[in-house]
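Protein chains: 2
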Amino acid sequence: MKTLTVELGERSYPILIGSGLLGEPELVSPHIRGNQILIVSNETVAPLYLEQALSAFRNYDVQTVILPDGEQYKTLQTLDLIFDALLSHHFDRHCTLVALGGGVVGDMTGFAAATYQRGVDFIQLPTTLLAQVDSSVGGKTGVNHPLGKNMIGAFHQPNCVVIDTATLETLEDRQFSAGLAEIIKYGLIRDQKFTRWLEDNMNNLLARDTAAIVQAIETSCRSKAEIVAADEKEGGVRALLNLGHTFGHAIETGAGYGNWLHGEAVGTGMLMAADLSRRQGWLGESDVQRVENLIDKALLPTRAPAHMNYTHFMEIMAVDKKVRAGKINLVLLRAIGDAFITNEFDLDKLRETIEAHRALDEG
Amino acid sequence: MKTLTVELGERSYPILIGSGLLGEPELVSPHIRGNQILIVSNETVAPLYLEQALSAFRNYDVQTVILPDGEQYKTLQTLDLIFDALLSHHFDRHCTLVALGGGVVGDMTGFAAATYQRGVDFIQLPTTLLAQVDSSVGGKTGVNHPLGKNMIGAFHQPNCVVIDTATLETLEDRQFSAGLAEIIKYGLIRDQKFTRWLEDNMNNLLARDTAAIVQAIETSCRSKAEIVAADEKEGGVRALLNLGHTFGHAIETGAGYGNWLHGEAVGTGMLMAADLSRRQGWLGESDVQRVENLIDKALLPTRAPAHMNYTHFMEIMAVDKKVRAGKINLVLLRAIGDAFITNEFDLDKLRETIEAHRALDEG
């Protein structure tokens, strides 16, 4: 088992990585203060892993809530199911919420923990690759609004994150690739060596080689932990983690919630960011090609939906959180492993990037 | 104009108290970072004070949302009206929300500010006596749930609080008395001298004498500011501010949201706390009589609804936030001006207190 720490003073917490960790009481019990536990999962994950997770909390008063599965349920309305369970079982402010599932379950459970009785404890048990390398670490929690993704939320750090890589065995290929997008991101923004490693090991990862997976998760979580420790509330460097996300959120929204996976949209979004960087003269043509090859090798899409033109993108991007005083902030690349934030790019070049990355019209 | 400060390090903020402050741009502008302002008010307050408030923000890009008036609308569903406005006007994370109204508007606007894009700025312009002396100061924000009051929320401090006592001129008598309940509370929990002053000045307050009102608000806000500075997240001394609130929340819930005002329920709740303190042998009979006289003099109810018996109270109190491991924590009195928290009281005496404070059956 590998152990990393997210260093946040009094609120520091461990990330535990390994195979078969899910049912181990001694991993979670040091991080629980009260006796009441609510495990939140969804209808896909619960049949596979709830029983195992329950055995880790067998010494506590445990209740469960099973949410419908899918990004389209990441809403205030679904959140109310968690509050209903907490209140109908008389949970007090010393309870602990446990998120067993992917990013949607983790974000909603975290937000419920952030706001139930103005804040209670929570533990992340991420079961998708994307949640394991990204969303379960760092304390971003929240729900979507019909007018924008993740627009309602809070920063609320978990008490611990237990990453059981054995849960990836049942993860479908498309979800696995979506997780690879966020792994690729860490290489592109700050770690050229890791990018090279990914180019060399992508086939091992796709073959679900355990050693390769553990190494990729550990490197990603270490990167995320360092960035979060340096900038918890995203005042500076943490914003680099949004590489590909402004384009990606636009694709997710434009395609309709649930049609594209978050990681798929981020994959295409990172390629668009690289392409715009090239058009601005900041990144070489061969580097853009490396980005495209890596995304393609990870079995991720490299083209946005055919119907999304420049106007469509701009309408959606205008409500993104990265907008400041009407200017769109984008994470772009000066080199592979060297990202920066800017709103000083040419809108004509942005238009070219968008047009160049629309899928061919299905009709 | 009186100025107090809530001392919270980097997040310190001023409370400005005086008559005619609402339309003054120079009071609010030092506390605004961006250009986008959303004023949230309700259908009762907006016709009276929105125009004046707008003039204070005339140099900004201002939008408004008018909510329905009443505690029964303090819900996640109503909150969505604020998010709809923020998103449809493309508000970014540097916007400022302004709460113009009583406690319900303040709590909901504050919670929207706490969670919009994981946290934006907000300003409190409280227009009821209760909001001016209690809820606008200290950063408790949130909404109700059908199974409990204020069960969903966050700590989120405002950037400033502007208390215009002129807004009290239009406040109906019942609402005014509800505010007096929270003022009386500060005397009972920590300030015997202030209790004596209130006994001497209650008639002046009820006559809406400006000097008396300003003094009562200033003393109350100073008390609240000191307590919040010492214990922002209610780990200790801040819990004393809940005197009368566990009984009070039960009365509000049991009577049906909106039938009792919060302050009215707290008034009766404080008397019940005093009475239980006496039955435990901690408070003298004459002190209980002083509490009852003061609450009665403030034109507040001294009896809970006739239909609420012991079982009814206990069912509701069991989901209160002050419950820990099944034990009810109550704020009780050792003397006037000396409150403490305990869960070590006799349930039979609690039953006696509840039975002694039920109104005579209406039928």
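Chains A and B, in that order, are what the protein sequence lines are. Sequence positions in the first sequence follow this note's numbering and run 4 to 366. Sequence positions in the second sequence follow this note's numbering and run 4 to 366. Cβ atoms here follow ideal geometry from the backbone N, Cα and C, with glycine treated the same way.
DSSP on Asp299 of chain B, reduced to helix/strand/coil? It is helical.
Below 8 Å, can you find three or more Cβ-Cβ pairs linking the stretch 205-217 of chain A to the stretch 345-354 of chain A? With fewer than three CB-CB distances shorter than 8 Å, the stretch 205-217 of chain A does not count as touching the stretch 345-354 of chain A.
Using C-beta distances below 6 Å, list every residue in its chain close to Tyr313 of chain A, excluding the 5 sequence neighbours before and after it, in chain order. The beta carbon of Tyr313 of chain A is closer than 6 Å to those of Arg354, Ile357 in its chain, skipping five residues each way along the sequence.
Within 8 Å (strictly less), CB to CB, does Met154 of chain B reach chain A? True, the Cβ-Cβ gap to chain A drops below 8 Å.
For the pair the stretch 191-202 of chain B and the stretch 55-65 of chain B, tell me if three or more CB-CB distances fall below 8 Å. No contact exists between the stretch 191-202 of chain B and the stretch 55-65 of chain B.
Would you give the residue range spanned by the beta strand (DSSP E) that Lys152 of chain A belongs to? Where Lys152 of chain A is concerned, the enclosing beta strand (DSSP E) stretches over 151-158.
Proximal chain A residues relative to Gly73 of chain B, where beta-carbon distance stays under 8 Å: What Gly73 of chain B touches in chain A: nothing, since even the nearest Cβ is about 20 Å away.
I need the straight-line Cα distance from Leu174 of chain A to Thr271 of chain A, nearest angstrom please. Roughly 21 Å separates the two Cα atoms.
Chain B contact residues for Phe60 of chain A, given Cβ-Cβ distances below 8 Å: Against chain B, the beta carbon of Phe60 of chain A has no neighbour under 8 Å; the closest one sits roughly 17 Å away.
Contacts that Ala117 of chain A makes with chain B (C-beta to C-beta distance below 8 Å): Ala157, listed in chain order.
For Asp83 of chain B, go through chain A and note every residue whose CB falls closer than 7 Å to its CB, in chain order. The contacting residues are Leu79.
Could you tell me whether the Cβ of His315 of chain B comes closer than 8 Å to any Cβ of chain A? Closer than 8 Å: no.
Which full runs of the alpha helix (DSSP H) of 4+ residues lie inside the stretch 127-195 of chain A, going along the chain? Entirely contained in the stretch 127-195 of chain A, the alpha helix (DSSP H) runs reaching 4 residues are, in chain order, 176-193.
Of the residues B:Tyr76, B:Ala102, B:Gln75, B:Asp341, which one's Cα is nearest the Cα of Gln66 of chain B? If we check each option's Cα against that of Gln66 of chain B, B:Ala102 comes out closest.
Determine, using beta carbons only, whether Leu264 of chain B and Ala309 of chain B come nearer to each other than 8 Å. If you check the CB distance, Leu264 of chain B and Ala309 of chain B do not come in under 8 Å.
Determine whether the Cβ of Ala253 of chain A lies closer than 8 Å to any Cβ atom of chain B. Judged by the 8 Å Cβ criterion, Ala253 of chain A is not in contact with chain B.
Quick check on the burial criterion: 16 or more other C-beta atoms within 10 angstroms. Buried or exposed for Glu255 of chain B? Glu255 of chain B comes out buried.
Gln120 of chain A (DSSP reduced to helix, strand or coil): If DSSP states are grouped into helix, strand and coil, Gln120 of chain A belongs with coil.
Mind checking which residues open and close the beta strand (DSSP E) that includes Leu333 of chain A? Per DSSP, Leu333 of chain A belongs to the beta strand (DSSP E) from 333-338.
Rank A:His315, A:Leu333, A:Val269 by C-alpha distance to the C-alpha of Gly257 of chain A and give the top, closest one. It is A:His315.
Going by beta carbon distance, what residues of the same chain come within less than 6 Å of Lys188 of chain A, once the five residues before and after it are set aside? Sequence-distant Cβ neighbours of Lys188 of chain A in its own chain, meaning closer than 6 Å and more than five residues away, are Leu246.
Contact set between Ser32 of chain A and chain E, taken where Cβ atoms lie within less than 9 Å: Any reference to chain E falls outside this structure, whose protein chains are A and B.
Three-state secondary structure assigned by DSSP to Trp263 of chain B: Trp263 of chain B falls in the strand class under three-state DSSP.
Candidates B:Ala115, B:Pro304, B:Gly37, B:Gly23: closest to Met273 of chain B by CA position: Between Met273 of chain B and the set B:Ala115, B:Pro304, B:Gly37, B:Gly23, the nearest pair of CA atoms involves B:Pro304.
Thinking C-alpha only, which one of B:Ser280, B:Ala184, B:Leu30 is nearest Met4 of chain B? Of the candidates B:Ser280, B:Ala184, B:Leu30, B:Leu30 places its Cα closest to the Cα of Met4 of chain B.
Using the three-state DSSP reduction, which class does Asn45 of chain B fall into: helix, strand or coil? Under the three-state reduction of DSSP output, Asn45 of chain B falls in the strand class.
For Ala321 of chain B, would you say it is in contact with chain A, using Cβ-to-Cβ distances shorter than 8 Å as the test? So yes, Ala321 of chain B belongs to the interface.
Taking Cβ to Cβ, would you say Ala181 of chain B is nearer than 8 Å to Thr144 of chain B? Result no, Cβ atoms of Ala181 of chain B and Thr144 of chain B do not sit closer than 8 Å.
Mind the definition here: the stretch 153-163 of chain B touches the stretch 41-48 of chain B only if three or more C-beta pairs lie below 8 Å; say whether that holds. In short, these stretches do not touch, since the Cβ pair count stays below three.
Could you spell out the range, first to last residue, of the alpha helix (DSSP H) harbouring Val231 of chain B? Residues 213-233.
Is there a Cβ of chain A sitting closer than 8 Å to that of Ser91 of chain B, yes or no? Taking CB atoms only, Ser91 of chain B has a neighbour in chain A less than 8 Å away.
Straight-line gap, Gly284 of chain A to Gln292 of chain A (C-alpha atoms, nearest Å): Their backbone Cα atoms lie some 15 Å apart in a straight line.
Do Glu221 of chain B and Ile20 of chain B come within 8 Å of each other at the CB atom, strictly closer than that value? Going by C-beta atoms, Ile20 of chain B is nearer than 8 Å to Glu221 of chain B.
Among B:Gly113, B:Ala321, B:Gly122, which one has its Cα closest to the Cα of Arg96 of chain B? For Arg96 of chain B, the nearest C-alpha among the options comes from B:Gly122.
Please state whether the Cβ-Cβ distance between Asn162 of chain A and Asp124 of chain A is less than 8 Å. Contact flag set, yes.
Using a beta-carbon distance below 8 Å, is Phe250 of chain A in contact with chain B? With its beta carbon at least 8 Å from every one in chain B, Phe250 of chain A lies outside the interface.
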